[in-house]
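Those protein sequence lines, which keep their order, are chains A and B.
If you read the first sequence in my numbering, its first letter stands for residue 23, the second for the next number, and so on.
If you read the second sequence in my numbering, its first letter stands for residue 52, the second for the next number, and so on.
Below: one structure, written as structure tokens.
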Amino acid sequence: MGPKKADSAAMNNASTSELIEDTEKLMAVIDRAQDGDKEALPVLRKVLDEEPRIARFVDLARDVERSIVEKISGNDVFAQEAIPRNLKAMRREIAREDPSPLERLLAERITVCWLELQYFEAIYAQNLGKLTITQSDYHQRRLDKAHRRYLSSIKALAQIRKMGPAVQINIAEKQINTSR
Amino acid sequence: MGWESRQRGGFYYTRSRKVNGRVVREYLGSGAPGQIAALEDEYERRRREEQAAYERELREELDALDASVEELSRASDLLVRTALIVSGYRQHNRGEWRLRRGPKEGG
């Protein structure tokens with residue numbers, strides 16, 4: 023068995039949960055599909071179609087959001103109430119009317135990335151006078167990273183919108199519609 | 052910094068600091084002036100320790116948050132890539148996504 027065939031066998035034997043857990047493995051399958059490997063496509067469909075863990079990303083987004091809101095609000099009950107409302111409005115505005123499930127997930131991601139960026143900026147501003155140069159660099163690097171993540175979250179949604187209705191994935195029902 | 056005993060008897064409070072790369076020892080006196088300087092240094096040391104502890108705790112908290120958002124971002128990026136590929140798209144030179152020419156492959 024040649025190395026390529028051995029790779030194919032390993033790819034087919036990998037369970038979908040294994041692929042989701044192991045980003046490197048999933049990336050390898052994506053790369054193979056990109057290179058035109060016909061065997062990679064059914065594996066990727068399975069990942070989208072059968073993997074219940076995918077649904078947890080929406081939950082993860084909400085968990086992160088809740089955690090940041092708690093940190094920002096502290097004991098301020100008005101902020102505890104107002105911030106989630108603003109985020110909900112923001113999510114709705116980003117997702118627009120009747121979004122596909124994938125668009126909805128990406129809108130969640132943009133909101134979370136934006137909120138994280140706001141939080142990091144606030145922390146940095148609060149501590150500015152007290153930080154050493156090393157600590158300041160550390161916060162600055164974290165801010166840069168969060169900013170890059172925010173921009174790429176916007177890019178991902180724009181990319182999906184540009185493709186139009188051809189790219190539809192129903193995370194809730196774990197179904198995918200690739201019709202054009 | 053600390054208390055130093057003198058040969059003639061008694062204690063002197065001293066503080067060391069760097070001036071142009073050289074360590075210079077400052078004698079702040081015995082009795083009340085020395086006690087005051089010692090207390091000032093003690094307060095400053097505690098303030099630094101508290102700030103360092105706060106900074107450590109903050110870092111741990113922000114690291115955890117960062118890791119969750121990173122996981123979410125990476126996962127949704129992979130999901131987007133997977134959905135695009137399954138829908139017949141191909142990334143051109145790691146940049147623009149284009150619809151693959153010809154019939155869809157596989158499945």
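We put the CB at the ideal spot given by N, CA and C, even for glycine.
Check: Chain B contact for Phe100 of chain A (CB, 9 Å cutoff); Outcome: no
Check: Inter-residue spacing [alpha-carbon to alpha-carbon] between Glu73 of chain A and Val65 of chain A; Outcome: Any reading at Glu73 of chain A must be qualified, since the residue scores a pLDDT of 48, below 50, and its modelled position is unreliable; the value itself is stated next. Cα to Cα, Glu73 of chain A sits roughly 11 Å from Val65 of chain A.
Check: Backbone secondary structure at Gln58 of chain B - three-state DSSP; Outcome: coil
Check: Cβ pair Leu128 of chain A, Leu129 of chain B closer than 9 Å; Outcome: no
Check: The segment 125-142 of chain B: positions lying closer than 8 Å to chain A by Cβ; Outcome: Arg125, Ala126, Ser127, Asp128, Leu129, Leu130, Val131, Arg132, Thr133, Ala134, Leu135, Ile136, Val137, Ser138, Gly139, Tyr140, Arg141, Gln142
Check: Candidates A:Ser158, A:Val69, A:Cys135: closest to Leu123 of chain B by CA position; Outcome: A:Cys135
Check: Endpoints, the beta strand (DSSP E) within which Gly85 of chain B is located; Outcome: Looking at the DSSP string, Gly85 of chain B is not in any beta strand (DSSP E); the run it does join, the alpha helix (DSSP H), is 82-137.
Check: Proximal residues, the segment 100-123 of chain B versus chain A, C-beta separation under 8 Å; Outcome: Gln102, Glu106, Leu109, Arg110, Glu112, Leu113, Leu116, Asp117, Ser119, Val120, Glu121, Glu122, Leu123
Check: Chain A within 9 Å of Trp54 of chain B, Cβ atoms only; Outcome: no
Check: Cβ shell of Gly85 of chain B (< 6 Å), same chain only, five flanking positions each side left out; Outcome: Tyr64, Leu79
Check: Cβ-based burial, Leu70 of chain A [other Cβ within 10 Å; buried from 16]; Outcome: buried
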